[in-house]
Amino acid sequence: MNLSDTLGHRAKIGIIVPSTNTVVQPELDDMRPVGVTNHVARMAIANTPLRSNADFEALVAALLKSQDAAIESVMSCAPDHLVLGLSTETFWDGADAGRRATDSLRAALGVGVSAAADALVDLLHESGLRRIAILTPYQPVGDDRTTGFFTQSGFDVVRTVGLRCGSPVETAMVPRRQLIAALHELADAKPEAIVQVGTNLPMAGLAREACDWLGLPVLVANTVLYRHALKALGLLEADNFRNMFMGWTAPGAGER
């Protein structure tokens, strides 16, 4: 007899997030189709102040150190797909290294893996969007690594705005008015799309509005990550993700 999970009868998605992250879980749950369940494991890190490049580099090192234990934990529920609910690490060592790391993880786990770097690059390429502006919550070294990643991936980065959030937890506290001002600053550079990275920055809801009043796509890490996972599972729901992007419909939005 072939048995399926009672609640996750279409798919179970495993998600790892930093322990300081309070945004990935609620935003991805809001996007969850019927019959798909999300299962979160946390990467234990401290909520240390981020006042310098050195502080930020120490954070990345802590994330790398804690990743394996979180993956082992969430894989015990036998998910059909794994989402890496963090973005810094996926950009850190450049385009080629990031892709190799994700491919290696897929091979080791035997399931699909969605990483922010791959998901954003794939969607931008699918959409024919090359000229981009980037919003981050990072310190300057994080901005440089992220900009370098997208440049290596073949994109023209016309502007990067880093919000310099003071700690991992504070990233989830950025006021809406500050996010709106940053989006307008990026739009002034005339990109074809705005790309937001940093999975603890609460942008999914605002991006749905911003696509409409800016008149261009605003691709946020969490939405694009979950879209990537659902597409890999053959579960990209037209009604669900048309609403995610408002005035801009992503390629493949009608796929089932």
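Its first residue numbered 1305, the sequence shown is counted upward by one per residue in this note's numbering. Ideal placement from N, C-alpha and C gives every residue a C-beta, glycine not left out. Model, not experiment: these values are computed from the prediction.
Just checking my contact of residue i with residue j at CB under 8 Å: how many whole Å lie between their CB atoms?
i	j	result
Arg1449	Pro1495	Going by Cβ atoms, the distance from Arg1449 to Pro1495 rounds to 19 Å, so no, they are not a contact pair.
Gln1329	Val1344	5 Å
Leu1378	Ile1438	Checking the sequence shown, residue 1378 turns out to be Val, not Leu. With a Cβ gap of about 29 Å, Val1378 and Ile1438 do not count as contacting.
Phe1454	Val1461	5 Å
Gln1443	Ser1356	7 Å
Gly1446	Gly1466	7 Å
Leu1520	Ala1486	In fact, because the Cβ distance is near 14 Å, the residues do not count as touching under 8 Å.
Phe1395	Ala1421	5 Å
Leu1483	Met1507	7 Å
Leu1332	Tyr1530	5 Å
For residue i, I'd like the list of residues in its chain whose CB is within less than 8 Å of its CB, leaving aside the five on either flank, ordered along the chain.
i	result
Ala1373	Met1347, Ala1348
Pro1353	Asp1359, Gly1470, Ser1471
Asp1309	Lys1316, Thr1341
Leu1307	none
Val1478	Pro1441, Leu1467, Cys1469, Leu1505, Pro1506
Asp1562	Nothing can be reported for residue 1562, as the shown portion of the chain is limited to 1305 through 1560.
Glu1489	Arg1463, Val1465
Identify, in the order they occur along the chain, each residue of the same chain with its Cβ nearer than 6 Å to the Cβ of residue i, setting aside the five sequence neighbours on each side.
i	result
Ala1533	Ile1317, His1385, Val1387, Ser1418
Met1550	Interpretation of Met1550 is limited by its pLDDT of 40, a score under 50 that renders its predicted location unreliable; the figure taken from the coordinates is listed afterwards. Cβ within range, chain order: Arg1512, Cys1515, Asp1516.
Pro1441	Leu1467, Cys1469, Thr1475, Gly1502, Leu1505
Thr1464	Ile1438, Asp1447, Thr1451
Cys1294	Because the chain spans 1305 through 1560 in this model, residue 1294 falls outside it and cannot be assessed.
Leu1518	Ala1491
Closest to residue i by CA distance: which of the options is it?
i	options	result
Gly1432	Phe1459, Pro1441, Ala1399	Phe1459
Leu1427	Ala1525, Ser1308, Gly1509	Ala1525
Val1473	Leu1490, Val1415, Asp1334, Leu1363	Leu1363
Leu1505	Asp1334, Thr1326, Leu1307	Thr1326
Gly1389	Thr1527, Lys1535, Asp1397	Thr1527
Ile1375	Thr1406, Asp1334, His1488	Thr1406
Less than 8 Å separating the beta-carbons of residue i and residue j?
i	j	result
Thr1475	Ser1391	no
Asn1351	Ser1471	yes
Ala1497	Leu1523	yes
Leu1424	Val1499	yes
Arg1336	Leu1539	no
Arg1480	Leu1510	yes
In its own chain, which residues sit with a C-beta less than 7 Å from the C-beta of residue i, not counting the 5 before and 5 after it?
i	result
Leu1368	Glu1393
Leu1413	Met1379, Leu1386
Pro1383	Lys1316, Ile1317, Gly1318, His1343, Val1415
Ser1370	Met1347, Ala1348, Ile1349
Ala1403	According to the sequence provided, residue 1403 is Arg. The question's Ala does not apply to it. Excluding sequence neighbours, Arg1403 sits near Asp1422.
Asp1543	Interpretation of Asp1543 is limited by its pLDDT of 47, a score under 50 that renders its predicted location unreliable; the figure taken from the coordinates is listed afterwards. Hits under 7 Å: none found.
Glu1361	Val1445
field: Length at least 4, wholly inside the stretch 1377 to 1441: the alpha helix (DSSP H) runs in chain order
entry: 1392 to 1396, 1399 to 1413, 1420 to 1431
field: Minimum length 4: unbroken alpha helix (DSSP H) runs contained in the stretch 1319 to 1353
entry: 1328 to 1334
- request: Could you tell me which uninterrupted alpha helix (DSSP H) segments, each at least 4 residues in length, are contained entirely in the stretch 1500 to 1544, listed from first to last along the chain?
  value: 1508 to 1518, 1525 to 1536
- request: Return the chain-ordered ranges of every alpha helix (DSSP H) run that is complete within the stretch 1465 to 1502 and spans a minimum of 4 residues.
  value: 1480 to 1491
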